[in-house]
Structures are given as C-alpha cells and as structure tokens.
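Engineer: In the working numbering, the protein residues as written are 56 to 184.
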C-alpha cells in the first residue's frame, strides 16, 4: 500500500511544477484560459486526495476487522503462539495505515497551501468551495 500511495502522491510532490506549467505568465494570459487550467488542476488535486483517503480508510477498515477476528480467536486459544504472532503483525499493519492517514493530511495541507499561495484568487476556487 505504501508504494501505491507514493505513486498516487506524485501530483502533490510536483504541485509547484504543475502550477508553473499550468498557470500562464503575463505574456501568455491571452493564449491560455488561466481560470480553466487552474480549475482543472484543482479538480485533479481534489480527486487525488479523495481517492487516496478512500483507499487508506478502506485498508484501515479491513485490517481492523482482521484484528478483531484475531483477538476473538486469541481469547479462545490463548496459548497459540502462531495466532499471537499473526495478531501482532495485523496490529502493526493497522498502526501503519492509521499513520498513513496522518501523513495524508499533512501532504494534502501542504498542497493546498502551495496552490493557494501560488495562484491568483480570482482564477482558482478555494478549498472550501
């Protein structure tokens, strides 16, 4: 999942480059509609953030269900070392997914700050729109 998220975060990692190539300079304003290109970039960013959050939350939900099941099994067989090992492995995975959700929040905030800072307000929708 971490590799998938790394690939999916490319738009956030390249936000400054995307803005520099998307928003025209003063000499090209008449040739390109900056409002439209900014809206497209905004929508791409929104879609990427929504998709990543959905994937992470889905993984958390699935892993939580596995942990719950393993805990129930562990109560029935407290001496089962293999079961305990599997439970700990799944708990570690769950903590990792929960920390990815926190990372996602930081990445998203950084991207929105860059977008807000480097774009003209009249051309780009605000994050709350």
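Where is the CB? At the ideal position from N, CA and C, for every residue including glycine.
Looking only at its chain, what residues have a beta carbon closer than 8 Å to the beta carbon of residue 162, apart from the 5 residues adjacent to it on each side?
Structural biologist: By 1-based counting over the chain shown, the position of residue 162 is 107. Only 64 and 67 meet the Cβ criterion.
Engineer: Give the single residue among 72, 114 and 101 whose Cα lies nearest to the Cα of residue 151.
Structural biologist: Translated into the one-based positions of the chain shown, residue 151 becomes position 96. Residue 114 is the option with its Cα nearest to residue 151.
Engineer: Would a C-beta distance cut-off of 9 Å place residue 129 and residue 149 closer than the cut-off?
Structural biologist: Residue numbering aside, residue 129 sits at position 74 when the chain shown is read from its first letter. Residue numbering aside, residue 149 sits at position 94 when the chain shown is read from its first letter. Going by C-beta atoms, residue 129 is not nearer than 9 Å to residue 149.
Engineer: What residues in its chain sit with their C-beta under 7 Å from that of residue 177, if we drop five residues either side in the sequence?
Structural biologist: On the chain shown, position 122 is the one that residue 177 refers to. At residue 177, the pLDDT of 40 sits below 50, so the modelled position is not reliable; the number obtained from the coordinates is stated separately. Closer than 7 Å at Cβ, skipping near neighbours: no residue.
Engineer: Does the Cβ-Cβ distance between residue 56 and residue 110 come in under 9 Å?
Structural biologist: Your numbering for residue 56 matches position 1 in the chain shown. Your numbering for residue 110 matches position 55 in the chain shown. For residue 56 and residue 110, yes; Cβs fall inside 9 Å.
Engineer: Considering only residues of the same chain and omitting the five flanking positions on each side of residue 122, which have a CB-CB separation below 8 Å?
Structural biologist: Looking up residue 122 in the chain shown gives position 67. 142, 145, 146 and 149.
Engineer: Just to check my reading of the structure: residue 107 and residue 58 have Cβ atoms closer than 8 Å, yes? What is that Cβ distance to the nearest angstrom?
Structural biologist: Within the chain shown, numbered from 1, the residue matching residue 107 stands at position 52. Within the chain shown, numbered from 1, the residue matching residue 58 stands at position 3. Actually they do not touch by this definition, with Cβ atoms about 13 Å apart.
Engineer: Nearest-angstrom Cα distance between residue 133 and residue 124?
Structural biologist: Within the chain shown, the letter at position 78 stands for residue 133. Within the chain shown, the letter at position 69 stands for residue 124. The alpha-carbon atoms of residue 133 and residue 124 are separated by roughly 14 Å.
Engineer: Among the candidates 100, 137, 117 and 127, whose CA atom is the shortest distance from the CA of residue 164?
Structural biologist: Translated into the one-based positions of the chain shown, residue 164 becomes position 109. Ranking the options by Cα distance to residue 164, first place goes to 100.
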